[in-house]
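Quick notes on the structure that follows.
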Amino acid sequence: MKKLLLIASVCFFVNVNAQTSKEVKTKELLELMGATDSMKQMLPVLIEQVKAQYPNVPQSYWDKFKNKIDTNELINLIVPVYDKYYTEAEIDQLVKFYKTPIGQKVRKVTPQVSVESMQAGQQWGLKIAQEIVEELSAIKQKNNQK
């Protein structure tokens, strides 16, 4: 019985360490990808939006509130998402990639690429919608002429 308990304890310890290792690597990946920087940049914008809804609240409250926010809390919520979709080996590969010059370029340009891609998608969507309206309008006119 003692041997079984010892084996179970060792297995649990190894499993916990493996998860901790993956979590540490995932946090490193998020840092390399710029996720923490993005959160820190997004936070003041979010606070300003809420602040606009409460104009009578003193600035001291907002300053105090900003100081108590811990972006690690959000990181800890994101880590399990990465854990769900990536193996530890894949996390290792991503960390390695983001440490390269091209990985850092990807980090740097991704926000702008995303914005411009969304703009292109919106223009394309509007073009498609316009074509649909024009075609349906032509069909309607054709049916009304019959």
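Using the numbering used here, read the sequence shown as starting at 7 and increasing by one per residue. By construction, the Cβ of each residue, glycine as well, lies at the ideal position given by its N, Cα and C atoms.
Rounded to whole angstroms, what is the Cα-Cα separation between residue i and residue j?
i: Asn62; j: Asn150; result: 59 Å
i: Lys46; j: Thr77; result: 7 Å
i: Val93; j: Leu36; result: The question names Val, yet the displayed sequence has Thr at residue 93. Distance between the alpha carbons of Thr93 and Leu36 is about 15 Å.
i: Gln129; j: Phe103; result: 33 Å
i: Pro107; j: Ile138; result: 44 Å
i: Ala95; j: Gln110; result: 20 Å
i: Leu142; j: Lys148; result: 10 Å
i: Pro64; j: Ala144; result: 59 Å
i: Arg113; j: Thr32; result: 16 Å
i: Lys74; j: Glu140; result: 54 Å
Check whether chain D comes within 8 Å of residue i, counting only Cβ atoms and requiring the distance to be less than that.
i: Ile53; result: Absent from the structure: chain D. Only one protein chain is present.
If I follow the unbroken alpha helix (DSSP H) through residue i, where does it start and stop?
i: Lys72; result: Gln65 to Lys74
i: Thr116; result: Pro107 to Gln151
i: Pro50; result: Ala41 to Gln59
According to DSSP, is residue i helix, strand or coil?
i: Tyr92; result: coil
i: Val22; result: Here the model assigns Val22 a pLDDT of 48, short of 50, so the residue's position is not dependable, and the following value carries that caveat. DSSP places Val22 in helix when its eight states are reduced to three.
i: Asn78; result: helix
Is the closest heavy atom of the ligand ADP to the C-beta of residue i under 7 Å?
i: Ser143; result: The ligand content of the structure shown is nil, which means the ligand ADP is not present either.
Are the stretch 80 to 87 and the stretch 28 to 46 in contact at 8 Å, needing three or more beta carbon pairs? yes
Quick check: the stretch 117 to 128 against the stretch 48 to 68, are at least 3 beta-carbon pairs closer than 8 Å? no
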